[in-house]
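In the order they appear, the protein sequences are chains F and L. Numbering-wise (our numbering), the first sequence opens with residue 1 and increments by one. Numbering-wise (our numbering), the second sequence opens with residue 1001 and increments by one.
Number of protein chains: 2
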Amino acid sequence: MRLSTRTRYGIRAMLELAENVGRGPLQLRIIARRQDISVKYLDQLMTILKSAGFVRSIRGSKGGYVLARAPEQIKLNDVFNCLEGPVVTVECTENENYCARAADCVARQVWTQVQEAVMAVLQSITFQDLVDRTKNNKSPDYQI
Amino acid sequence: MRLSTRTRYGIRAMLELAENVGRGPLQLRIIARRQDISVKYLDQLMTILKSAGFVRSIRGSKGGYVLARAPEQIKLNDVFNCLEGPVVTVECTENENYCARAADCVARQVWTQVQEAVMAVLQSITFQDLVDRTKNNKSPDYQI
DNA sequence: TAATATACTACTAATATCGTAGGAATTGGG
DNA sequence: CCCAATTCCTACGATATTAGTAGTATATTA
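Structure (structure tokens):
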């Protein structure tokens, strides 16, 4: 159960956009440099995020990317699902008919519990929350 | 973030052994048939579980496998870790020095939160719990 | 000694991941 | 109108992992 770089990079890129709200479009090049990600790879990730409706693009010179919605309206769970796929994919938790024993399968119950725990965390956090947390981390009050 | 069959099969095999406690060794062949897993593949999984100390093997005729500890003393988390590896592997959650920005990286905080949520679920369940749940599921009281 | 098990090692097909590469299309500014 | 900057699109490839299959060696019981 390891996270793909796709998801990790994608969420970090979204965070960059969230921090840039109100300052116009942000370029791939900039995001890639700040987050230490290959421009070309990030290019593909943004395509996914764009077609899922999380970001908007402005083409041409002075173009770039902006969030399609306000940061407080985008939950981590949404983006996670888009990039990583359904949380904890075990076929039988999604499709009751996948296995004949599903009804009294305790293993299935466990995976469902795990799944719900992960979703609960990711659903409770928006990109605005992450922006706020970043500010707190950078605040002088928190320096040692 | 999908579970490998390795983990799923392994946990189901362990559950079979937990249900068989006190009845002597259980053969690979039997477990494989009941759980619909390839005998040869299960063979390899049991090798892993054995070297991790979760099961003991009895070789030769009338041999098989038994749990190495009482079912109430084996948490799902232990077996999960053994088969699937660390929960939610993101290098930076395990190794603070992996990334220079780790200290104030909010993405890292998120993955830590997710990780802890999963571990909390898996740590709260033992194989004895699963045996009990199975009995409840099979009890006539629960039939419709 | 025969039958039944586990133990061990090697191989393989399929798939996914994590990119790299190259060029086409669009836009803003001089 | 032209050039530079930027997104858009498609194809390719190297690497690793997964989910097995296969064959043989070793141990134990009866």
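Glycine is no exception: its CB is placed at the ideal position from the N, C-alpha and C atoms. The structure displayed is predicted, hence computed values, not measured ones.
Enclosing alpha helix (DSSP H) for tyrosine 1065 of chain L [first to last residue]: Looking at the DSSP string, tyrosine 1065 of chain L is not in any alpha helix (DSSP H); the run it does join, the beta strand (DSSP E), is 1064-1067.
For chain L, check one thing: does any of its Cβ atoms lie closer than 9 Å to the Cβ of leucine 104 of chain F? According to the sequence as given, residue 104 of chain F is aspartate; it is not leucine. Residue contact check for aspartate 104 of chain F against chain L: a CB pair falls below 9 Å.
Starting from isoleucine 31 of chain F, trace the alpha helix (DSSP H) both ways and give me its first and last residue. Counting along the chain, the alpha helix (DSSP H) containing isoleucine 31 of chain F begins and ends at 28-35.
Residues near isoleucine 1058 of chain L by beta carbon distance below 8 Å, same chain, minus five either side: Spatial neighbours of isoleucine 1058 of chain L in its own chain (CB-CB distance under 8 Å, excluding positions within 5 residues in sequence) are listed in chain order as Pro1025, Gly1064, Tyr1065, Val1066.
Given valine 1055 of chain L, which residues of its chain have a CB within under 8 Å of its CB, disregarding the five upstream and five downstream residues? Met1014, Leu1017, Met1046, Leu1049, Tyr1065, Val1066, Leu1067, Ala1068
If you draw a straight line from the alpha carbon of leucine 1130 of chain L to that of glycine 10 of chain F, how long is it in whole angstroms? 37 Å
Would you mind listing the alpha helix (DSSP H) stretches within the region 1072-1143 of chain L that are 4+ residues and don't spill past its ends, in chain order? Segments of the alpha helix (DSSP H) lying fully in the region 1072-1143 of chain L: 1076-1084, 1091-1094, 1106-1123, 1127-1138.
Please list the partners that alanine 1117 of chain L has in chain F, where partner means a Cβ-to-Cβ separation under 8 Å. Ala117, Val118, Ala120, Val121
Along the beta strand (DSSP E) that carries arginine 12 of chain F, what are the first and last residues, could you check? That residue, arginine 12 of chain F, is in no beta strand (DSSP E); its alpha helix (DSSP H) goes 5-19.
Tell me which residues share the same chain as leucine 1076 of chain L and place their Cβ nearer than 6 Å to its Cβ, disregarding the 5 neighbours each side in the sequence. Leu1122, Ile1125
Chain-ordered residues of the region 1013-1027 of chain L with a beta carbon less than 9 Å from chain F: Listed by position along the chain: Leu1015.
What is the DSSP secondary structure of serine 1061 of chain L, counted as helix, strand or coil? coil
Can you find the residues in the same chain that come closer than 7 Å, C-beta to C-beta, to valine 1088 of chain L, ignoring five residues on each side of it along the sequence? Trp1111, Val1114, Gln1115, Val1118
Quick one: is lysine 1138 of chain L near chain F, going by C-beta distance under 9 Å? yes
In terms of residue numbering, what span does the alpha helix (DSSP H) encompassing methionine 46 of chain F cover? 39-51
What would DSSP say about arginine 23 of chain F, mapped onto helix, strand or coil? coil
To the nearest angstrom, how far is it from the Cα of leucine 28 of chain F to the Cα of serine 38 of chain F? Distance between the alpha carbons of leucine 28 of chain F and serine 38 of chain F is about 10 Å.
Cβ pair methionine 1 of chain F, arginine 1101 of chain L closer than 9 Å: no
Counting only beta-carbon separations shorter than 9 Å, does glutamate 94 of chain F have a partner in chain L? With a threshold of 9 Å between beta carbons, glutamate 94 of chain F makes no contact with chain L.
Asparagine 1097 of chain L to valine 1106 of chain L span [Cα, whole Å]: 15 Å
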